[in-house]
Structures are given as structure tokens and as C-alpha cells.
Amino acid sequence: MSEVGERAALDSRTSLYDHALRLHQQTPDDPLPDGGRPFPDEADTPPGSPQSWKQRSAALRHALLHHLDRDDVSAAARELLSQIRGLDVSARLVSSVLEKLPLPEGPGPLALGRDLVRHGTDRRAVWVGLGLLARRGGPGDADLIRTAGLLSCCTGPAIRALKAVGCATADLIWFAERIPARLRDGALQALCERDDPVARTWLLMAPLDRRHSSPSRAREIAETARLAELLESRPADRAGAAVPARALRLLTAMTGHNDYRAEVPHYTDAKRVYAALLRRLAEVPPSLDHFADLLSLLLDLHSGHSALLDWEAGERERIAASIGAVLRRPEWTALASAAETSGAETERRRGQWIRRTGVPEPPPTGDAGQGAVHRLSVHVVVPDPAGPPGVQARLLVNGRPLIPEAFTAGPPNPPEYLLGRGLLRATDEPRRVQLAEAWCTEGCCGALYVTISREGDEVVWRHWEPSAGSPSGTERLPLPALRFEAAFYDAEITRAENDHSWEWPARTLARLLTERLCADPDLFGRWDCAAGWISTHYADHDRVEVSFTHPTRSPSEPEPDSGRPWLQFIWDLPDDGSPPEAQARAALRHLAAADPKTYARVAGGSREFALALGFPWPD
Numbered sequence: 001m002s003e004v005g006e007r008a009a010l011d012s013r014t015s016l017y018d019h020a021l022r023l024h025q026q027t028p029d030d031p032l033p034d035g036g037r038p039f040p041d042e043a044d045t046p047p048g049s050p051q052s053w054k055q056r057s058a059a060l061r062h063a064l065l066h067h068l069d070r071d072d073v074s075a076a077a078r079e080l081l082s083q084i085r086g087l088d089v090s091a092r093l094v095s096s097v098l099e100k101l102p103l104p105e106g107p108g109p110l111a112l113g114r115d116l117v118r119h120g121t122d123r124r125a126v127w128v129g130l131g132l133l134a135r136r137g138g139p140g141d142a143d144l145i146r147t148a149g150l151l152s153c154c155t156g157p158a159i160r161a162l163k164a165v166g167c168a169t170a171d172l173i174w175f176a177e178r179i180p181a182r183l184r185d186g187a188l189q190a191l192c193e194r195d196d197p198v199a200r201t202w203l204l205m206a207p208l209d210r211r212h213s214s215p216s217r218a219r220e221i222a223e224t225a226r227l228a229e230l231l232e233s234r235p236a237d238r239a240g241a242a243v244p245a246r247a248l249r250l251l252t253a254m255t256g257h258n259d260y261r262a263e264v265p266h267y268t269d270a271k272r273v274y275a276a277l278l279r280r281l282a283e284v285p286p287s288l289d290h291f292a293d294l295l296s297l298l299l300d301l302h303s304g305h306s307a308l309l310d311w312e313a314g315e316r317e318r319i320a321a322s323i324g325a326v327l328r329r330p331e332w333t334a335l336a337s338a339a340e341t342s343g344a345e346t347e348r349r350r351g352q353w354i355r356r357t358g359v360p361e362p363p364p365t366g367d368a369g370q371g372a373v374h375r376l377s378v379h380v381v382v383p384d385p386a387g388p389p390g391v392q393a394r395l396l397v398n399g400r401p402l403i404p405e406a407f408t409a410g411p412p413n414p415p416e417y418l419l420g421r422g423l424l425r426a427t428d429e430p431r432r433v434q435l436a437e438a439w440c441t442e443g444c445c446g447a448l449y450v451t452i453s454r455e456g457d458e459v460v461w462r463h464w465e466p467s468a469g470s471p472s473g474t475e476r477l478p479l480p481a482l483r484f485e486a487a488f489y490d491a492e493i494t495r496a497e498n499d500h501s502w503e504w505p506a507r508t509l510a511r512l513l514t515e516r517l518c519a520d521p522d523l524f525g526r527w528d529c530a531a532g533w534i535s536t537h538y539a540d541h542d543r544v545e546v547s548f549t550h551p552t553r554s555p556s557e558p559e560p561d562s563g564r565p566w567l568q569f570i571w572d573l574p575d576d577g578s579p580p581e582a583q584a585r586a587a588l589r590h591l592a593a594a595d596p597k598t599y600a601r602v603a604g605g606s607r608e609f610a611l612a613l614g615f616p617w618p619d
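No gaps in the numbering here: position 84 of the sequence shown is 84 in the UniProt record's numbering, and each next residue is one more.
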């Protein structure tokens with residue numbers, strides 16, 4: 001195709017801006033359906049590049065430097081678009097390059113940025129345009145930036161650009177209200193950074209997405225909005241009447257671990273807000289959301305980070321008792337019972353979670369037993385099904401949560417790991433056990449280990465080790481050796497290992513399959529496969545995922561061969577409503593009769609490995 005023909009073809013495509021504007025006009029007050037998908041450039045995604053980050057950055061930098069100071073901005077934009085379309089670059093890489101790129105003086109970079117955002121038919125070009133506007137734009141560019149940013153593929157760069165150009169608070173609020181909740185965190189952060197009463201009022205009342213709420217952002221919102229003062233001052237306006245429920249939501253969000261760490265220990269007004277909320281609990285109307293938040297707070301007061309706040313004697317127990325009394329009232333229990341039979345999936349799951357969890361009694365007071373001997377108790381805590389997932393096996397010593405004392409980068413490990421594998425059992429042979437892992441993985445931010453051994457009629461936990469890279473080693477004092485009376489310890493571990501009352505049907509199915517596949521590895525082995533992890537799906541709690549790999553490694557092969565083709569498969573098993581035991585038997589019969597590679601989906605490995613093994617690679 002000639003250069004003229006190529007430019008005409010590029011110009012004939014729908015720009016991302018026009019695509020966003022058209023969809024926005026159809027839903028002017030809400031986020032675009034599915035974030036604006038499908039995007040106009042879906043067919044132009046370049047193949048994955050073997051080049052390093054540094055090499056790809058250099059290629060982008062080289063392309064940009066040739067077009068930044070050209071007089072014919074439209075021609076420069078078209079040629080740059082043609083070059084960028086073939087580059088395998090992410091929004092983060094584009095931002096990194098543009099932050100350091102020397103820009104020539106004059107109007108060229110700003111004009112090019114505006115042209116790319118307004119007319120770009122490829123997201124990479126729009127990212128470049130937004131980056132140039134962040135460097136040279138002003139408040140007058142806010143409308144252009146925020147419209148392009150309505151597309152989920154451009155939201156992050158748009159937030160950075162809006163902050164950089166010094167847009168009005170109203171522009172940030174408009175934008176935050178019209179982007180998907182899972183992408184709103186950056187806009188919330190930008191509003192938290194403004195000392196603006198309009199921003200404070202909006203932040204206090206804006207809805208927080210339960211699954212994607214960041215604990216750190218919840219803390220920033222509470223601090224920016226001066227939540228403790230509002231709770232205590234009881235303003236008479238309508239917004240003031242909603243403050244207790246809002247405080248409840250923010251405080252609950254701060255107890256989560258889906259942002260590396262819980263933020264309650266780092267919120268200086270946490271006790272103050274708890275106390276003020278206690279005085280205003282009667283103003284929180286019965287609802288399923290409020291029930292879930294109150295129950296979550298109660299669990300955290302019992303065995304989570306909230307239990308470790310610097311409480312006055314009896315204060316924590318008094319707050320927990322008051323919350324429990326509210327949740328036991330007929331009007332609250334009735335709505336929880338009704339939710340169990342709701343036709344709405346999330347409501348039904350929450351109602352069943354409330355029933356399984358129950359309303360715990362006030363947290364126990366410390367009981368250190370005789371002399372230096374301690375008492376261990378294990379509490380399995382299942383989170384609100386509408387929020388971030390992650391079942392925890394919380395360990396209490398003398399009624400006090402143990403893991404948060406030593407490690408803050410992530411939650412306790414799940415019960416299937418600590419209890420299902422018998423890792424907490426004490427033997428004469430010392431065993432090193434991982435009790436908790438950083439939210440992002442051990443390789444990134446560490447984990448917490450302890451060595452467990454039996455010494456006569458005592459069980460001893462010693463040698464506490466935050467693994468290399470753990471930030472928690474400097475935040476928490478090392479724990480001393482802990483001694484437990486063996487008889488009581490063994491009884492508690494046995495009780496916890498055999499208590500499955502916290503499970504929902506799909507989780508029970510996952511456990512049963514794990515047990516039976518471990519007992520009979522040949523069920524997968526006959527198909528040249530090896531079982532992997534088995535668990536409920538991250539977002540769909542009623543679906544079990546069974547992972548396995550193919551091919552199996554030969555017993556004579558001591559170490560994995562990195563060049564040998566392999567694939568990971570996922571076998572999906574949705575809960576069909578029948579008893580978990582029956583579902584497990586049916587799944588195992590199916591596995592015995594048919595090769596699982598024919599009905600599972602490829603989920604890991606590489607395109608090259610899939611081709612070598614004769615399987616299609618997922619798009």
C-alpha cells in the first residue's frame with residue numbers, strides 16, 4: 001500500500017475518543033458498558049515481543065524524538081501512530097518513557113498530544129498523547145482527557161494526566177463517577193490529595209466497591225474527610241445522618257488485606273472512630289450491607305488487627321458486645337434469614353455466610369495457663385462473599401491474635417494449607433511452617449515462618465523468621481519462643497482440623513477432591529497428567545477449579561527441564577446444587593473415564609509449548 005493509501009486507511013478508522021464519546025452519550029451518568037469494549041483497535045494488538053523493557057523503551061523513545069517538534073502536527077501524528085502500532089508497549093512503559101523524555105520548547109509537543117488523544121485510532125498512540133498532555137497540558141485539556149479516559153484501557157493514563165494538568169475538583173469527581181469501580185482507586189487518591197471541602201464531601205459519600213476497595217485508600221478517605229470529627233460532631237444535615245453508615249464501610253474496608261496490608265493499625269483515629277460509632281450504632285439502619293460490615297468488624301475485633309489496637313481495659317469487649325447485640329435483634333436476623341433464599345446470587349451467598357459464621361460472643365480475655373505455658377486457639381474466618389476473598393486460619397495465643405503481632409504484609413494462610421496438610425501438628429522432629437504470606441507473594445514481600453517441635457509434654461514454637469524481603473521485620477518486634485501444654489495443643493489442632501462448619505458446598509467439594517486425588521494420584525497419572533492446586537474460584541465462590549499439568553515428569557528426571565514443553569490446565573466444576581460428596585464422586589468417575597485434557601482449558605505454559613504438544617493456545 002502506498003504512503004497516501006496507508007494514511008487514508010488509518011484516518012478511516014474510528015478514533016478511541018469518538019468511540020468513547022458515542023458510548024458516553026448513550027449512558028451519560030454511568031461508566032461505559034464493559035469499560036467500552038470492544039475497543040476499535042482490538043485487531044491491532046501486536047504479538048508479544050521477546051525484547052526487554054529497556055529495548056522496547058528505546059524503540060518508543062526513538063519513534064517519539066522524530067516527531068515532537070514537527071510543524072505539520074497532523075502528519076506527525078499519523079506517522080507516529082503507524083510506527084507505534086507495531087510496538088509491544090504497555091501504558092506503564094509509555095508513561096515511564098515520557099516522564100524522562102526531553103521535550104523541545106514551543107507548541108509542538110502539546111499540539112501533538114492533543115491530536116493523538118483526539119484522533120488516535122490505537123490505544124498506544126492515545127497513551128502517548130495523554131503522557132504529552134500530562135507534561136505540557138493545562139486545565140483546559142481536562143474534557144479531552146477525561147473523555148478518552150472513560151475507556152478502561154486508557155483510564156490509568158488519564159488519571160495521571162488529570163492530576164498533572166491541575167484540573168478542577170469537579171472534573172475529577174465527574175470522571176470518578178463514570179469509570180468502573182475497579183479502576184477508581186487512582187481518582188480517589190487524586191481527590192484525597194486535595195485540601196478541598198468539595199472533594200471531602202464527595203469522598204465521604206461516594207460508594208466504595210466492596211471487592212476492589214483498597215484498605216489504604218479507605219484510610220486516606222477517612223483522614224481527608226475528617227471522619228472522626230464528623231462522627232463526633234453529629235452535623236444536622238442529610239449528609240451528617242449518613243456518616244455512621246459511611247464510617248462503618250470505611251472502617252471495614254481498612255481491615256482487609258487486598259492492598260498488601262490491613263490499614264486499621266495505621267489509622268491513628270481507629271479507636272476514636274470505633275468509640276464514636278458505638279455511640280451512634282442505632283443510626284445505622286438494618287440492611288444486608290450493614291449486617292455484613294458489622295459482622296466483619298466483629299470478627300476483626302475478635303481475631304484480627306482491630307484486636308491489637310491500644311484498647312483500655314474492657315473497651316474492645318464492650319464495643320464487640322454492642323455490635324453483637326445489634327446483630328441479634330429480630331429486624332436484623334430477619335433480613336439475614338431472608339437473604340438465604342434470595343434469587344440474587346450475592347445476597348444468597350451472604351445470607352448463608354451469616355448463618356454459617358454466626359454472631360460470635362465478645363472476644364476472650366487472655367489466659368496464659370500455668371506459668372509460662374500458653375494456650376493456642378484456631379479460628380477459621382471466612383470473609384464477606386461480596387468483598388475480597390481469602391479464608392484465613394487465624395491463630396490466637398491467650399486470646400490475642402498472633403500473626404499480626406509479627407507480620408503485617410499479608411493475611412494468615414488458609415485452613416487447607418495449615419490444617420488440611422497437618423502442618424500445625426507437633427512431632428519430635430522440628431518442622432518449619434509458613435504461617436502467613438505477603439499479599440503479593442513471598443518472593444516479593446516475604447512471609448512469616450516458625451519452627452514447631454514437641455519437647456516432652458510441651459509443644460514449642462520458636463525461631464520466628466520473616467523471610468528475606470519481608471518489610472514486616474522492621475515493623476514488628478520478634479516474638480519469643482512460645483510453649484504450649486501438649487495435651488491441650490493436640491486437642492485444639494485436632495478440633496480445628498476436623499471442623500468444616502465454615503465451608504460452603506463448593507469449598508467442601510474442593511476439599512474432597514483434594515483428599516481423593518492425593519490418595520490416588522493415578523487418576524490423573526493415567527492421562528500423563530499431575531494434579532496441582534484445587535480451590536474455589538477467586539471471584540465465583542460456587543465454582544471449583546482443578547488445576548493439573550501435562551506431561552508428567554519422569555521419575556528418572558531429578559529436576560524439571562526448563563526447555564521441555566508443558567502446559568497447565570484448569571478443569572472447571574460449577575456447584576450444581578447436589579451434595580458435595582455426590583459431586584465429588586461424579587467428577588472422579590468422569591476423570592477415570594475420559595482424558596481431562598479434552599474438557600479442561602489451557603491456562604499456563606506458552607504458545608510455543610501448546611503448539612509442540614498439539615493444543616490450541618487461548619486467545
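Idealized CB from N, CA, C, for every residue including glycine.
query	result
Cβ contact (3+ pairs, closer than 8 Å) linking the segment 431-444 and the segment 399-410	yes
Beta bridge counterpart(s) of Phe571 as assigned by DSSP	Note that residue 571 is Trp in the sequence shown, not Phe. Partner(s): Val546.
Counterpart residues of Ala176 in DSSP-defined beta bridges	The partner list for Ala176 (beta bridge, DSSP) is empty, contrary to what the question assumes.
Own chain, CB closer than 7 Å to Arg507, minus 5 neighbours either side, in chain order	Thr536
Same chain only: Cβ atoms within 8 Å of Met254, ignoring 5 sequence neighbours per side	Pro215, Ala218, Arg219, Ala222, Ala262, Glu263, Val264, Tyr267, Ala270
Cβ-based burial, Ala225 [other Cβ within 10 Å; buried from 16]	buried
Straight-line Cα distance separating Gly156 from Glu42	18 Å
Range of the contiguous beta strand (DSSP E) that encloses Val378	376-381
DSSP state of Gly563 mapped onto helix, strand, coil	coil
Pair within 8 Å by beta-carbon distance, Phe609 and Pro565	yes
Supposed close pair Pro505, Asp575 - CB separation, criterion 8 Å	5 Å
Residues that Val602 bridges to, as DSSP identifies them	Phe569
Residue of His302, Ala170, Leu424 minimising C-alpha distance to Gly140	Ala170
Span of the beta strand (DSSP E), counted from its first residue to its last, around Phe291	Where Phe291 is concerned, there is no enclosing beta strand (DSSP E), although the alpha helix (DSSP H) it sits in stretches over 288-303.
Straight-line Cα distance separating Val326 from Leu281	8 Å
Exposure of Ser337, with buried meaning 16 or more beta-carbon neighbours within 10 Å	exposed
Simplified DSSP assignment, three categories, for Val450	strand
C-beta atoms of Val382 and Thr357 nearer than 8 Å	yes
The alpha helix (DSSP H) enclosing Ser95, as first and last residue numbers	91-100
Sequence ranges, beta strand (DSSP E) only - wholly within the segment 506-540, length at least 3	530-536
The segment 480-498 contacting the segment 420-429, beta-carbon criterion three pairs below 8 Å	yes
Leu509 to Leu132 span [Cα, whole Å]	53 Å
Chain-order list of residues whose beta-carbon lies under 6 Å from that of Asp115 (same chain, five-residue window excluded)	Val73, Ala77
Candidates Ser15, Val397, Asp30, Ala406, of which the one nearest Pro40 by Cα	Ser15
Phe39 - DSSP class collapsed to helix/strand/coil	coil
Thr252 versus Ile173 - alpha carbon distance	24 Å
Nearest to Ala487 (by Cα), restricted to the options Glu545, Val460, Leu591, Glu515	Val460
Integer-rounded CB distance, given that Asn498 should sit under 8 Å from Pro388	At roughly 28 Å, the Cβ-Cβ gap does not stay under 8 Å, so Pro388 and Asn498 are not in contact.
Arg348 - partner residues in DSSP beta bridges	Partner(s): none; Arg348 has no beta bridge.
Simplified DSSP assignment, three categories, for Ala436	strand
Any 3 or more C-beta pairs closer than 8 Å across the segment 63-71 and the segment 107-125	yes
Selected residue, minimal CA-CA separation from Ala164, among Ala142, Pro180, Arg184	Ala142
Where Pro401 sits in the DSSP three-state scheme	strand
Member of Arg85, Glu515, Leu479 whose CA lies at the smallest distance from the CA of Arg421	Glu515
Residue environment, His24, which counts as buried when at least 16 other CB atoms sit within 10 Å	buried
Rounded straight-line distance, which links the Cα of Tyr449 to that of Val544	29 Å
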